[in-house]
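Working notes for the structure below.
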Amino acid sequence: MGKYVIAGNWKMNKTPAEATELIEAIKPLVADAACDVVVGVPFVDIPAALEAVKGSKIGVAAQNCHWEKSGAYTGEISAEMLKAMGVGYVILGHSERRQYFGETDVTVQKRVRAALDAGLTVILCVGEYLEQREQGVTGEVVAMQTKIALGGVSEEELGRIIIAYEPVWAIGTGRTATAEQANEVCALIRGVAKDLYSEAAAAALTIQYGGSMNAGNAAELLAKPDVDGGLIGGASLKPADFATIVAAAK
Ligand code: PEP
2 MGKYVIAGNW
12 KMNKTPAEAT
22 ELIEAIKPLV
32 ADAACDVVVG
42 VPFVDIPAAL
52 EAVKGSKIGV
62 AAQNCHWEKS
72 GAYTGEISAE
82 MLKAMGVGYV
92 ILGHSERRQY
102 FGETDVTVQK
112 RVRAALDAGL
122 TVILCVGEYL
132 EQREQGVTGE
142 VVAMQTKIAL
152 GGVSEEELGR
162 IIIAYEPVWA
172 IGTGRTATAE
182 QANEVCALIR
192 GVAKDLYSEA
202 AAAALTIQYG
212 GSMNAGNAAE
222 LLAKPDVDGG
232 LIGGASLKPA
242 DFATIVAAAK
C-alpha cells in the first residue's frame, strides 16, 4: 500500500569506525534496492554514517529526539540538532524507550511534533505487550498509541510518518508474529489513519512490521498487503541478512 521502507535499528551497537565499516558492507548489497533503505544509528555514529552513505540511497535515522529545540535537558538531543547535521529520519516511541526510559504516549506525541517541525521523517513505533495480546486488547492498545502519537499531526504531515508495528513480545526474542498477525494489526493501524485522515492518506501510509524479522521470514511478512516494510533490529547488523530483507521488499 504505502511505499516500502526497510529500516535498521542498530540500538546501542557500533562505534563510529564500526558504523562506517558496516555501512560500507551494506552499500553495494542494497545498491539496486526497490525500496527505501534506512539505518538507525546511535547519536555518536551519525557523522560517520552520513559520510559513509554518500553516493548511496541509504538514509540515516537517529533513535530518538527531545521535544524542545534547546534548553536545560542534560543528555538529550533535539530534532533541530539532528536536522542541522543532515539526518533525515528519527525513530520515536520504540518499546525499549517506553519500557526502560519512561517514555509515554504523551512524550512520544511531543517528540513527534518536534521532529515534524524540524523537517524530519518519523518512524513511529507502536505495539502491545504479550499480556495485552493474551487479554485480547492488542487492537485497543495499538489504536490508542497511534491516535495519541498522531494528535495534532496534519494530513500533509502524515506523509512524513512511517508507523512501525512492533509487538513487544517479538522484539529481540526470535519469536516473530505470524504474517497474518502482522498484517492484521498493520491493517488496523491503516484503519485508524483512515478514520483520522482519509482513505487516500491511509493508503499512502507506510506501515512496517518489526520484531525478529530476518532473512528467513522477511519475504512472507512483506508479501502481506498491509505490511509495507520492516524495522529490523538484530538482522540489520548482518549485511547479508539485511540485504536479503531489502531484496524481499518489492
Ligand atoms: C527493533 O529493535 O525494532 C527490532 C525489531 O528488533 P529485532 O529485529 O532484533 O527483534
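Take any residue in the sequence shown, count from 1 to its spot, add 1: that is its number in this note's numbering. Glycine included, every Cβ here is placed at the ideal spot set by N, Cα and C. Since we're looking at a predicted model, the values are computed, not measured.
Annotated three-state conformation of residue 153 is coil, per DSSP. Looking at 168, 152 and 127, the one whose alpha-carbon comes closest to that of residue 135 is 168. Here the alpha carbons of residue 211 and residue 183 stand approximately 9 Å from one another.
By the beta-carbon neighbour count (other beta carbons within 10 angstroms, threshold 16), residue 33 is exposed. Short of 7 Å from the beta carbon of residue 214, and not among the five residues preceding or following it, lie these beta carbons of its own chain, in chain order: 177, 222, 231, 233, 236 and 246.
At least one heavy atom of ligand 1 falls within 8 Å of the beta-carbon of residue 172. Counting only runs that start and end inside the segment 169-240, the alpha helix (DSSP H) elements of at least 4 residues fall at 180-197, 200-205 and 219-223. Between residue 9 and residue 243, the C-beta gap is smaller than 9 Å, which places the two residues in contact.
Looking at the DSSP output, residue 79 sits in a beta bridge with 67. By the CB criterion at 9 Å, residue 50 and residue 93 fall outside the cutoff. The C-beta distance from residue 62 to residue 91 rounds to 6 Å, short enough to fall under 8 Å.
Secondary structure of residue 121 (DSSP, three-state): coil. Each of 81, 31, 39 and 131 was checked against the Cα of residue 174, and the nearest Cα belongs to 131. Here DSSP, grouped into helix, strand and coil, assigns residue 72 to coil. With a threshold of 8 Å, the Cβ atom of residue 19 does not count as near ligand 1, since no heavy atom of the ligand is closer than that. Under DSSP, no beta-bridge partner is assigned to residue 137. Taking each of 15, 185, 83 and 43 in turn and checking the Cα distance to residue 139, the smallest one comes out for 185. Judged by beta-carbon spacing, residue 126 lies within the 9 Å limit of residue 96, meaning their Cβ atoms are closer than that value. Shown here, residue 34 sits in coil according to DSSP, grouped into three states, outside any helix or strand. The three-state secondary structure of residue 88, taken from DSSP, is coil.
The residue among 19, 55 and 156 with its C-alpha nearest the C-alpha of residue 45 is 19. In this chain, the beta strand (DSSP E) harbouring residue 164 covers 162-166.
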